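Below: one structure, written as C-alpha cells.
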Amino acid sequence: MRTRHSIIEDSFSIASSGTATIDLKGTDPISRITILPRVTNPNAHTAIGHPEEIISKIEILDGSNIIFSMKGLGAKALAYYSSKLVPISSLNFMALEWAMSPIDIYFGRFLFDRVLGLDPKKFNNLQLKITHNVDAAMTSATVGTITVAADVFDEDPPAFAGYLMSKEHHNLTLVADAVSYIDLPEDFLMRMIMLYSFSDSQAPEYQVTSLRLTEAHDKKIIFDEPMEELQQYFQSQFPPWHEKVSGRCSSTTVQSFWITPSFEQTIVLVPTNDQDKVVQMDASTGGQKRQIEAEAAVTWEAIARGWAPHGSLPLDFRGNDDPAQYWNVEEAGGARLKVTAAASPDTTPTWDTVTQQFVPKP
Numbered sequence: 001m002r003t004r005h006s007i008i009e010d011s012f013s014i015a016s017s018g019t020a021t022i023d024l025k026g027t028d029p030i031s032r033i034t035i036l037p038r039v040t041n042p043n044a045h046t047a048i049g050h051p052e053e054i055i056s057k058i059e060i061l062d063g064s065n066i067i068f069s070m071k072g073l074g075a076k077a078l079a080y081y082s083s084k085l086v087p088i089s090s091l092n093f094m095a096l097e098w099a100m101s102p103i104d105i106y107f108g109r110f111l112f113d114r115v116l117g118l119d120p121k122k123f124n125n126l127q128l129k130i131t132h133n134v135d136a137a138m139t140s141a142t143v144g145t146i147t148v149a150a151d152v153f154d155e156d157p158p159a160f161a162g163y164l165m166s167k168e169h170h171n172l173t174l175v176a177d178a179v180s181y182i183d184l185p186e187d188f189l190m191r192m193i194m195l196y197s198f199s200d201s202q203a204p205e206y207q208v209t210s211l212r213l214t215e216a217h218d219k220k221i222i223f224d225e226p227m228e229e230l231q232q233y234f235q236s237q238f239p240p241w242h243e244k245v246s247g248r249c250s251s252t253t254v255q256s257f258w259i260t261p262s263f264e265q266t267i268v269l270v271p272t273n274d275q276d277k278v279v280q281m282d283a284s285t286g287g288q289k290r291q292i293e294a295e296a297a298v299t300w301e302a303i304a305r306g307w308a309p310h311g312s313l314p315l316d317f318r319g320n321d322d323p324a325q326y327w328n329v330e331e332a333g334g335a336r337l338k339v340t341a342a343a344s345p346d347t348t349p350t351w352d353t354v355t356q357q358f359v360p361k362p
C-alpha cells in the first residue's frame, strides 16, 4: 500500500488534566493527524460543556516554529472548512457512556494530497502537544482517553512543495458596540481565515454585527457587510453540518446538552423509551447550549443540523486551490479586518481569528 492509517499514541488516559507531548520525529510523511478524545459522563447524565472542550489547546511545534496552534474547538471547525467534509461525532451525554468526537488536522488540501503535506524528516524536533481537562465537559468526570492517529505515505512518498500552517492569530474580547481592527499576517500566502466565538447562548451574528476586510490601508475594500449576510454567502459553499446527540432526562428536571452548529440550527429530537411522554426543548438564539425537560424520565436521541460549527465564519481565498494563487497579503500592501461587536455580545468567549497559510519548502 502507498498509504496507511497509523496509530501514534493508543488510548492514553486523561484522568488528570495536563499536557501530553508526543514526538513526531521519524514519522513517515503525514497528510492528516486525527485526535480522538473520549470522555465518560459519570454523574446522572449531567453535562457542563461540549465534549470537545476537554481539548483546550493543540500545538504542533518544531522548537519555536509553529506549524499548528489553536483550541480543540477551533481545530474541529477548521478541518470542516479546509476539507469540506463533515466528520462523524457521537455527542452522548448519558451517564457511563462514551462521548467521542474526532478532531482532524490537515496539512494538505485534502487527504493524501501529494503536493502539500508535512514531512517530519524536514524538521529538527517536531512535537505534538495536547492540553486537556477531562472534566471541562462532564460534571466530575474522571474517565477519559485520547488516541492519536496519522494518515501517512508509506511506499513512494511524495516530495511536498510545502504544507498548510494553521494557527490562532488574534484573540479579541468583545465589548458592546466596540470597533476593533485586526492586522493580518503577510509572511505567507493565505488560503483561509476562520473567525469563531464559541458561545453557549448566542449565534455569531449576535456576537458581531458586521465585518469589513480591506487591503492597502483601507484603499481597497474586499467586503463590508453585516455578519448574517456574510454567513449566508460563505456558509453556502460548504455542506450542512449534521451530528447525532443523545441523552436522558430525569423527571421534570431541566437537562443541558451541547451541539456543534450555531447558524440556521435545526434539531429533531425523539424519545427512545416512553414515547408517549411529552418532551420540551428551549428556544434558542443560535448558541450551542440547549436545554430539555420531560414530564417523566426519558432517554432521547436527536439529529442536529446547521452551519457554522462552534460559532465560526470562513473567509475562503482558495479559489481553484492552486497554492500559487492563494491571497498574497504582502503584495496587496497589507490587509486588516474591522470587527464591529453587537450591542449585547456574550463576553465569556473570545472572538478568535485563525489563519491558514501555505508554507513552501525551503
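In the working numbering, the protein residues as written are 1 to 362. Glycine residues also receive a C-beta, built at the ideal position from the N, C-alpha and C atoms. All values reported here derive from a predicted model rather than from experimental measurement.
Who are the near neighbours of residue i in its chain, counting only those whose CB is closer than 8 Å to its CB and skipping five residues on each side?
i: GLU155; result: MET1 and ARG2
i: ASP162; result: For the sequence presented, residue 162 should be read as Gly rather than Asp. The answer, listed in chain order, is LEU116, PRO323, PHE358, VAL359, PRO360 and LYS361.
i: SER284; result: GLN265 and ARG290
i: PHE238; result: TYR80, TYR81, LYS84, TRP307 and PRO314
Using the C-alpha atoms, what's the distance from residue j back to residue i?
i: LEU363; j: PRO204; result: The structure shown does not extend to residue 363, since the chain is modelled only from 1 to 362, so the question has no answer here.
i: ARG191; j: THR253; result: 47 Å
i: PRO314; j: LYS71; result: 16 Å
i: ARG109; j: SER82; result: 7 Å
i: THR40; j: ILE54; result: 12 Å
i: SER13; j: HIS169; result: 31 Å
i: GLU186; j: SER69; result: 18 Å
i: ILE105; j: VAL278; result: 41 Å
i: TYR206; j: ASN65; result: 36 Å
i: ASN273; j: VAL134; result: 30 Å
i: TRP241; j: GLU225; result: 24 Å
i: PHE358; j: TRP307; result: 26 Å
i: THR355; j: VAL298; result: 44 Å
i: VAL208; j: MET194; result: 14 Å
i: SER246; j: PHE188; result: 43 Å
i: ALA294; j: TYR326; result: 51 Å
i: ILE58; j: ALA15; result: 18 Å
i: HIS217; j: ALA341; result: 21 Å
For residue i, which residues from the same chain have a beta carbon less than 6 Å from its beta carbon, with the 5 sequence-adjacent residues on both sides left out?
i: LYS76; result: GLU52 and ILE103
i: PHE123; result: ASP62
i: ASP346; result: SER199, SER201 and GLN202
i: ALA335; result: LEU184, GLU215 and VAL329
i: GLU9; result: ILE22 and VAL148
i: PHE223; result: LEU213
Let me check one thing: in DSSP terms, what residues is residue i bridge-paired to?
i: ASN133; result: Paired residue(s): none; ASN133 is not in a bridge.
i: SER19; result: The sequence as given places Thr at residue 19; Ser does not occur at that position. Looking at the DSSP assignment, THR19 forms a beta bridge with THR131.
i: TYR375; result: Nothing about residue 375 can be read from this structure; the chain reaches only from 1 to 362.
i: GLY247; result: TRP300
i: ILE54; result: ILE54 pairs with nothing; no bridge assigned.
i: PHE263; result: TRP307
i: HIS242; result: ARG305
i: LYS76; result: Answer is none; LYS76 lacks a bridge partner.
i: PRO271; result: TRP300
i: MET190; result: TRP327 and GLN357
i: HIS170; result: THR353
i: ILE35; result: ILE103 and VAL148
i: GLY286; result: GLN202
Counting only the same chain and skipping the five closest in sequence on each side, list residues whose C-beta sits under 7 Å from that of residue i.
i: LEU24; result: PRO120, LEU126, GLN127 and LEU128
i: GLY286; result: GLN202, ALA203, TYR206, SER262, PHE263 and GLN265
i: SER11; result: THR145 and THR147
i: HIS5; result: ALA149 and ASP151
i: LYS289; result: ASP200, SER201, SER256 and TRP258
Which one of the options has the shortest CA to CA distance from residue i?
i: LYS363; options: LYS57, GLY63, MET94 and THR147; result: What the structure shows of the chain is the stretch from 1 to 362, and residue 363 is not part of that stretch, so it cannot be assessed.
i: PRO360; options: LEU96, LEU78 and LEU164; result: LEU164
i: GLN202; options: HIS310, GLU229 and SER56; result: HIS310
i: TRP98; options: LEU78, VAL143, LEU189 and ALA136; result: VAL143
i: GLN235; options: VAL152, VAL298, ASP218 and SER312; result: SER312
i: PRO158; options: ILE222, ASP28 and ALA324; result: ASP28
i: ILE221; options: ILE67, ILE33, ALA332 and ILE30; result: ALA332
i: ASP151; options: ILE7, TYR80 and ASP282; result: ILE7
i: SER56; options: ASN92, ILE35 and TYR80; result: ILE35
i: LEU96; options: ASP316, HIS132 and THR139; result: THR139
i: PRO37; options: LEU91, VAL179 and ASP177; result: LEU91
i: ILE182; options: SER166, LEU211 and PHE160; result: LEU211
i: CYS249; options: GLN280, TYR233 and THR260; result: GLN280
Can you check whether the C-beta of residue i is within less than 8 Å of a C-beta belonging to chain C?
i: ASP154; result: Absence of chain C from the displayed structure is noted, only one protein chain being present.
With a cut-off of 8 Å, do at least 3 Cβ pairs link the segment 77-86 to the segment 112-127? no
Any 3 or more C-beta pairs closer than 8 Å across the segment 166-173 and the segment 335-351: yes
Check whether the segment 262-270 and the segment 295-307 are in contact - that is, three or more C-beta pairs closer than 8 Å. yes
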